[in-house]
Amino acid sequence: MAETPEPPPGLTDTRALLVGYLDHNAAAILRKLGGLSEADVRRSTVPSGWTPLGMVKHLACTQRLWIRYLFAGEDVDCSWPGTAEQEWLVTPEETTGEILTFFRGERDNCTRLAAVTSLDARAARATRRTGAEEHPTFAWVLFHLAQSFARHAGHVDVSRELLDGVTGK
Numbered sequence: 228m229a230e231t232p233e234p235p236p237g238l239t240d241t242r243a244l245l246v247g248y249l250d251h252n253a254a255a256i257l258r259k260l261g262g263l264s265e266a267d268v269r270r271s272t273v274p275s276g277w278t279p280l281g282m283v284k285h286l287a288c289t290q291r292l293w294i295r296y297l298f299a300g301e302d303v304d305c306s307w308p309g310t311a312e313q314e315w316l317v318t319p320e321e322t323t324g325e326i327l328t329f330f331r332g333e334r335d336n337c338t339r340l341a342a343v344t345s346l347d348a349r350a351a352r353a354t355r356r357t358g359a360e361e362h363p364t365f366a367w368v369l370f371h372l373a374q375s376f377a378r379h380a381g382h383v384d385v386s387r388e389l390l391d392g393v394t395g396k
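In the numbering used here, the protein residues as written are 228 to 396.
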């Protein structure tokens with residue numbers, strides 16, 4: 228996957244910054260999987276047991292939850308993969324292609340919604356992030372996803388280095 232550059236430092240459009248950083252970090256995560264064997268994308272390098280492919284699955288589930296279920300209020304079937312812990316696990320029946328397609332589809336859903344939604348708009352469903360039930364703004368949801376993707380891109384960086392020594396962008 229080609230590198231998606233960071234948004235330019237002079238950019239002042241908040242929506243373009245948020246979506247730009249989401250795209251930048253999503254591309255970095257997928258690039259880190261490029262060149263890994265099927266065994267390596269399913270191999271954990273950390274005691275908690277997550278794998279690079281499991282991270283991609285988790286991030287796809289995260290986008291589905293925040294964008295489609297909570298924000299847009301869609302009647303999304305979240306029965307797969309099951310529990311929050313299961314979204315990190317890749318079963319032998321799940322293919323790399325299926326998980327990458329799921330991830331890209333949820334990125335596309337986010338991008339489409341971002342193109343037509345006010346940053347001040349409130350989520351259709353509430354969440355309990357601070358103990359109180361709140362309907363977050365779309366700007367908050369995008370920022371939450373951008374910081375989550377950035378954090379997890381760093382995790383995948385380290386995992387890749389531990390798997391085969393590859394470092395860098």
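Each residue gets a CB set at the ideal place from its N, CA and C atoms; glycine is no exception.
Flag this pair as yes or no: are the beta carbons of E321 and H285 separated by less than 8 Å? Along the sequence shown, one-based indexing puts residue 321 at 94. Along the sequence shown, one-based indexing puts residue 285 at 58. Contact: no.
Could you spell out the range, first to last residue, of the alpha helix (DSSP H) harbouring G324? Here residue 324 corresponds to residue number 97 of the sequence shown, with the count starting at 1. Run containing G324: T323 to V343, per the alpha helix (DSSP H) assignment.
If you follow the alpha helix (DSSP H) that L288 is part of, which residue opens it and which one closes it? The residue given as residue 288 occupies position 61 in the sequence shown. The identity of residue 288 in the sequence shown is Cys, whereas the question assumes Leu. Where C288 is concerned, the enclosing alpha helix (DSSP H) stretches over P279 to Q290.
Classify Q290 as buried or exposed, calling it buried when 16 or more other Cβ atoms lie within 10 Å of its own Cβ. Within the sequence shown, residue 290 is the residue found at index 63, counting from 1. It is buried - the Cβ of Q290 has at least 16 other Cβ atoms within 10 Å.
For the structure I just gave you, are there three or more beta carbon pairs, one from the region 234-250 and one from the region 352-372, closer than 8 Å? yes
How should P235 be labelled, buried or exposed, when 16 other C-beta atoms within 10 angstroms of its C-beta is the threshold for buried? Numbered from its first residue, the sequence shown carries residue 235 at position 8. By the 10 Å Cβ count, P235 comes out exposed.
What are the partner residues of E361, as DSSP defines its beta bridges? The count along the sequence shown starts at 1 and reaches residue 361 at position 134. Answer is T354, bridged to E361.
Put R270 into one of helix, strand or coil per three-state DSSP. Looking up residue 270 in the sequence shown gives position 43. Three-state DSSP puts R270 in coil, outside helix and strand.
Quick check for students: name the residue ranges of the alpha helix (DSSP H) that lie wholly in the region 244-269, counting only runs of 4 or more. 265-268
P319 versus E388 - alpha carbon distance: Here the question's residue 319 lines up with position 92 in the sequence shown. Here the question's residue 388 lines up with position 161 in the sequence shown. Distance between the alpha carbons of P319 and E388 is about 24 Å.
Cutting at 8 Å between CB atoms, please list the residues of its own chain near V283, excluding the five before and the five after it. Position 56 of the sequence shown, counted from the start, is the residue given in the question as residue 283. Hits under 8 Å: I256, L257, L260, I326, L327 and F330.
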